[in-house]
Amino acid sequence: MAAKPKLMRDVLIQEFYARARKDPRLLFISADLGAESLDTFRADLPRQFIHPGICEQNMIDVAAGLASAGKTVFTYAMASFITARCYEQLKVALGAMNKPVTVVSVGVGLGYDDAGPTHYTTEDIACLRALPNIEVWTPCDEESTREITIECCERPAFRYLRLERPGLPNVYQGNFRSAMGAGFCEVAPGGDVLILSSGYMLHRALAVREQLRMEGLEVTVTDLFRIKPLASRDLAAYASRFSHVITLEEQCLAGGFGSAVAEALVDQGVAKPMLRLGLPDRYFFENGGRGHVLEKSGLGVSTLAQRITEFTAPAARSRNRLPSVPQSVSF
Amino acid sequence: MAAKPKLMRDVLIQEFYARARKDPRLLFISADLGAESLDTFRADLPRQFIHPGICEQNMIDVAAGLASAGKTVFTYAMASFITARCYEQLKVALGAMNKPVTVVSVGVGLGYDDAGPTHYTTEDIACLRALPNIEVWTPCDEESTREITIECCERPAFRYLRLERPGLPNVYQGNFRSAMGAGFCEVAPGGDVLILSSGYMLHRALAVREQLRMEGLEVTVTDLFRIKPLASRDLAAYASRFSHVITLEEQCLAGGFGSAVAEALVDQGVAKPMLRLGLPDRYFFENGGRGHVLEKSGLGVSTLAQRITEFTAPAARSRNRLPSVPQSVSF
Amino acid sequence: MPKKATPSTARPRATTPASDTPPAPSAELLRELTGKSHWLRRELFQMVMATKKGHIPSSFSCTELLVSLYYGGFLRHRKGEPHDPSRDRLIVSKGHAAMALYPILADIGFVPPGELANFTRKDALLRMYADPSIPGIDAISGSLGHGLGIASGMCLAAKQDGRDQRAFVVLGDSECYEGSVWESAYFAAHQGLDNLVAIVDRNGLAIMGRTEELCRIGSLEEKFRSFGWESLSIDGHSYGEILPALGRLGRTGGKPLAIIANTVKGKGISFMENRSEWHNRMPNEAEQRQAWLDLETNTIAN
Amino acid sequence: MPKKATPSTARPRATTPASDTPPAPSAELLRELTGKSHWLRRELFQMVMATKKGHIPSSFSCTELLVSLYYGGFLRHRKGEPHDPSRDRLIVSKGHAAMALYPILADIGFVPPGELANFTRKDALLRMYADPSIPGIDAISGSLGHGLGIASGMCLAAKQDGRDQRAFVVLGDSECYEGSVWESAYFAAHQGLDNLVAIVDRNGLAIMGRTEELCRIGSLEEKFRSFGWESLSIDGHSYGEILPALGRLGRTGGKPLAIIANTVKGKGISFMENRSEWHNRMPNEAEQRQAWLDLETNTIAN
Ligand SMILES: Cc1ncc(C[n+]2csc(CCOP(=O)(O)OP(=O)(O)O)c2C)c(N)n1
Ligand SMILES: Cc1ncc(C[n+]2csc(CCOP(=O)(O)OP(=O)(O)O)c2C)c(N)n1
Ligand SMILES: [Mg+2]
Ligand SMILES: [Mg+2]
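Residue numbers (the working numbering), protein chains in the order written: chain A, 1 to 331; chain B, 1001 to 1331; chain C, 2001 to 2302; chain D, 3001 to 3302.
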């Protein structure tokens, strides 16, 4: 069995640390979220670690001020608190002033398993991609986390990084950097059906792909790791090669990941049968953890496989569809 | 010429006032945004008017507490400050606790003309429709403002009301209430091309329709005033009767109004040539006011007419499209 | 030999003004409450150990505060009637310690006692962060900085309706970094919410270390006073100080009341006391044995 | 006869401690600055009247504060060099009054003087709410509660880099309702930002009325002090008090400095003074004549 994957936050902090040791302009601000690697960082580089108290709004404004004075700043906290709680600060102080600050969010989606709605962050893609000047990145493994971190250190910009709480198994083998510019990367080819996903759910997509393959359906899984700026034209051209496009996310469907893909296809005039798989539109107060909530939400691996099979089965093309759908569209 | 339309906020406050006089459980909280009608309200019903200071976060939490104790609460402030500034409070205290509070936002879009990015609110549709339990309504005239207000007083729920800063000319003539349940209403019929819009931009859509009519192109203008819950099936069925679907909004295109429509069409399997017209993805620091910014953003009436003509012209069906678009899609 | 738990006499003494002091609690009540502390800590420890989920140190620093509210007669309620609208309200705004209420809620018949063993288990009632779906819980928790505003709304509603209802809010000291706390502080003072009590669990620790080293908080007593509150500091593990402090409720000349309770995070488990690293950690087997020994011995002088 | 503008002697006196007081400003400087007040108010009035856009009362309550910073030698800058990185920073965090800087920025050669007449006009440089695209403006404004945090970041960076650079933030008193202000207050104190000065324009008015009636603010001097700041109150229209207060910069024993400047909203225009309804209103022709008369007479005793 493979070694337990490193926590994404440790990957990021270690990479940042290596550069911060050489460059005192690199500053790390945490609103009281820790990490093993951060203990080392604090001990070695106390002047480059800033604890602003548990106040996310001030953290973002301070980061804007530091960046104005030439610092390369990473801000770091739990996903909901570094996005929803200080959304206007992100909009005004980082977005409108276009400050090169990296906003590192830990535990997106249902990552804080047992915590419930206050910690679940299922609207961050919808909110943050609505801001001009921002970039939104979702790594899915150690390599992609590392490469994105390097990019943030070396070419600072206003970026939002969506880290998972746990470490995730490897997806990339040295090929992430070359894929970075494109914004998406086919990580498992096969068949006529495309699943687009990212982060934690990308791994679930891969599991669904395995299950479908056993059932005789081949699907391609592609990591759409940069949801903003979205490579709309390239993505649409790519998607147009498939018969069906499926998006899989651990976000609300309104405005989220699948919504961004739908926008791209519609804007580029690519009409494909598309299935957007994501969380139902409600708050989750269930005990039982991430897997359980996903299961109950129709996002368990077998349920997903079944939903995809049904969606892509020829019969489904007329079923569950509006009577008034035109039989032929060309534009 | 018609009388100058009443400010939307005055319509809302007067309607609320009429009920509040009879029912002391109705409370109005303003984070320091005034209105002529509010001066009357404060003078007559001082116990039912609450000024929490200029602190939008506390305003929302207090409203949640009041609602928990059976009060019918309206909270009121400028659009950006009552949405972005207290977004996590909306999520946690009103959304997750499902409290029947009406969040009244004034000056959505570029409504605060000369103010620039801190006051422009071009991401509120994207953010707020991402919250479970919320309803999102955009009135476009006096009648729709009044009817929605009555609904909020009589059947309180967690609702977000997007008011314009200025008063807008009449669109409805006694027919809004009967349209309310549907969530959208055809306000100007004609031709094969559908423009969906709401609020301020609905009026621009009507102006564009006039111009296009003079140029010989008939378009239908439909007011999609409830963007959440979205009547996806009905809307898709309705849209499928047209040859082209156009959305027009004063929001960012990522996750906004047109995005919600695109989601509905894609989810319902209605493939239509669709054009999403909205703001470019940047912050606006220009002087010159709303009209000027819209003009510069390609949303001036003649530019819009031209964009729509080009989009719907038969020649356009292949132009500006990806080479790989399938020539025939049926599903 | 295990290090003994810090005796609470090491904490600063109460600053309650001498005049207008409520009568001292009886020795009998003090004994009863001390027994409840002892009981609650053991219940909580077992509850957490069952699934290894929850926050012990944060719950143990406010144990005496919660016991005082429920068993000292301050949080007026009727046994078995969580939905009684006249019940006084309590929001543990430092929501990671709201779980400390569960054994109490079971004890007073608000939730079935059998549920304690199912804490955080699949489909069970009691969640890591409490919310109003649990009988007796008055607000959602888990995000810091909401409780004071929500409780202010409740207290204002009670006043408007002429109901004699109070609300208590337990805040973390680091929670008081959140600006929303101070927004609500203005509001409660201006509205004259003398039916509102904020109790700050001043254990001196955030997750990453000591508050005064990370980002100085200084005197919360002075801060609340400067925001127009009646404000006093006490030893938050001493019933002899907590009860008189709570007794000031209703004697504040129309002001909301802030009680800064100096406490020890992890109080009662020697090796957890005052150690921030235990915020998110679970004891191993040897540590569990030591912890249980500490809890059985109960060296806390309440 | 028009009502005379309130003489500033009606305001509370300074509380600067007697010891460690910087030398009193010379009579000549006081005369020069008084002239600048007179000039700035008239410039602003004309600027606003041209397009009937802007916020006069909010600008007039902080006129003397801004004049002191630029012409009293506190905000160190080089004429005509807005992009000099060593320039001291100023954020008018009550952004609706950031426009009050424009005539000064023109005067010191940061923006072309001709731009004043184009304030808020299409495609012109000077906007209703200032932002860094305007030379000499250090942060975006228009949303309350950001300036102190942004300035804190700037001051911390200066300290880390060993640069002798300061930042001044002008806050509205109602802006201090915003919790984000207090979040930043903790931070600045903890970081020892004695190169940071917060000046609160304590005019006692929000948009809807008097702060103490809407939602009591009370003593901001005490609040800042309780958050670890050096803090003092002055008459914000009296140069004799403003200059010594600013002179305390660098003598605060490592603390950031908060100056609570008691002011009159609309100061200098008799019928606007202390009247919240003028926040968003424009004078009609008769009122304009009256206003100009007041401004020409200039009854303010600085
Ligand atoms: C708004 C918000 N920010 C951050 C967190 C993450 N968090 C949970 S508990 C905690 C530390 C709380 O410290 P304190 O308030 O002192 O409580 P204690 O456990 O010490 O009693 C933090 C940072 C949160 N829950 N909510
Ligand atoms: C976050 C935020 N909320 C609300 C507003 C709207 N607003 C602009 S100015 C103002 C009143 C400000 O009063 P004060 O800070 O006392 O400034 P003054 O004009 O009295 O100097 C308000 C509520 C805003 N700009 N930003
Ligand atoms: Mg603590
Ligand atoms: Mg004021």
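Yeah, the Cβ is synthetic: ideal placement off N, Cα and C, and Gly gets one too.
Endpoints, alpha helix (DSSP H) assigned at residue i
{"i": "V3067 of chain D", "result": "3063–3071"}
{"i": "M2099 of chain C", "result": "No alpha helix (DSSP H) holds M2099 of chain C; DSSP gives it neither H nor E."}
{"i": "C86 of chain A", "result": "Note, C86 of chain A: premise wrong, no alpha helix (DSSP H); not H, not E."}
{"i": "F16 of chain A", "result": "8–20"}
{"i": "Y2129 of chain C", "result": "Unbroken run through Y2129 of chain C: none, as it is neither H nor E."}
{"i": "R3180 of chain D", "result": "Contrary to the premise, residue 3180 of chain D reads as Ser rather than Arg in this sequence. It spans 3179–3190 - the alpha helix (DSSP H) in which S3180 of chain D sits, taken as one unbroken run."}
{"i": "F1257 of chain B", "result": "1257–1267"}
{"i": "E2032 of chain C", "result": "2027–2051"}
{"i": "F2224 of chain C", "result": "2220–2226"}
{"i": "I207 of chain A", "result": "Here residue 207 of chain A turns out to be Ala, not Ile, going by the sequence shown. A207 of chain A -> alpha helix (DSSP H) spans 199–214."}
Cβ-based neighbour list, residue i, same chain, cut-off 8 Å, excluding 5 preceding and 5 following
{"i": "L3171 of chain D", "result": "S3093, K3094, G3147, L3148, V3181, A3198, I3199, V3200, D3201"}
{"i": "N287 of chain A", "result": "D114"}
{"i": "D1032 of chain B", "result": "H1051, G1053, I1054, A1077"}
{"i": "F360 of chain A", "result": "Not covered by the structure: residue 360 of chain A. The range shown for chain A is 1 to 331."}
Any chain B beta carbon closer than 8 Å to residue i
{"i": "D3178 of chain D", "result": "Rather than Asp, the amino acid found at residue 3178 of chain D in this sequence is Glu. With 8 Å as the cut-off, E3178 of chain D counts as an interface residue toward chain B."}
{"i": "Y3129 of chain D", "result": "yes"}
{"i": "V2140 of chain C", "result": "Checking the displayed sequence, the identity of residue 2140 of chain C turns out to be Ile instead of Val. Yes, because at least one Cβ of chain B sits closer than 8 Å to the Cβ of I2140 of chain C."}
{"i": "F59 of chain A", "result": "Note that residue 59 of chain A corresponds to Met in the displayed sequence, not to Phe. Output row for M59 of chain A: interface = no."}
{"i": "Y87 of chain A", "result": "yes"}
Contacting residues, own chain, Cβ-Cβ under 6 Å from residue i (five flanking each side not counted)
{"i": "L224 of chain A", "result": "F184, L196, S198"}
{"i": "S2058 of chain C", "result": "H2096, A2097"}
{"i": "T1312 of chain B", "result": "V1193, H1244"}
{"i": "I2104 of chain C", "result": "Y2070"}
{"i": "S240 of chain A", "result": "V270"}
Spatial neighbours of residue i in its chain, beta-carbon cut-off 7 Å, leaving aside the 5 residues before and after
{"i": "F1016 of chain B", "result": "L1026, F1028, F1074, T1149, C1153"}
{"i": "D10 of chain A", "result": "A35, E36, S37"}
One or two residues paired with residue i in a DSSP bridge
{"i": "K1228 of chain B", "result": "B:V1136"}
{"i": "A1077 of chain B", "result": "B:S1105"}
{"i": "E186 of chain A", "result": "A:T222"}
{"i": "M1274 of chain B", "result": "B:V1245"}
Anticipated Cβ contact below 8 Å, residue i with residue j, distance rounded
{"i": "I1060 of chain B", "j": "Q1089 of chain B", "result": "4 Å"}
{"i": "K2223 of chain C", "j": "S3152 of chain D", "result": "Not quite, the Cβ-Cβ distance comes to about 18 Å (not below 8 Å), so this is no contact."}
{"i": "W3292 of chain D", "j": "K3255 of chain D", "result": "Not really, about 43 Å apart at Cβ, beyond 8 Å."}
Within-8 Å CB hit, residue i to chain C
{"i": "R3216 of chain D", "result": "yes"}
{"i": "T118 of chain A", "result": "yes"}
{"i": "S37 of chain A", "result": "no"}
{"i": "C55 of chain A", "result": "yes"}
{"i": "L1090 of chain B", "result": "no"}
beta-carbon residue i near ligand 5 non-hydrogen atom, thresh 7 Å
{"i": "D32 of chain A", "result": "Absent from the structure shown: ligand 5. Ligands present: ligand 1, ligand 2, ligand 3 and ligand 4."}
8 Å Cβ cutoff, residue i in contact with chain A
{"i": "E2175 of chain C", "result": "yes"}
{"i": "K2094 of chain C", "result": "no"}
{"i": "S3152 of chain D", "result": "yes"}
{"i": "S2037 of chain C", "result": "no"}
{"i": "M2282 of chain C", "result": "no"}
{"i": "G1269 of chain B", "result": "yes"}
{"i": "A3158 of chain D", "result": "yes"}
Residue i: first and last residue of the uninterrupted beta strand (DSSP E) it sits in
{"i": "H244 of chain A", "result": "244–252"}
{"i": "I2300 of chain C", "result": "Here I2300 of chain C belongs to no beta strand (DSSP E), and DSSP marks it neither H nor E."}
{"i": "I2234 of chain C", "result": "2230–2235"}
Below-8 Å beta-carbon distance, residue i vs any chain D residue
{"i": "K6 of chain A", "result": "no"}
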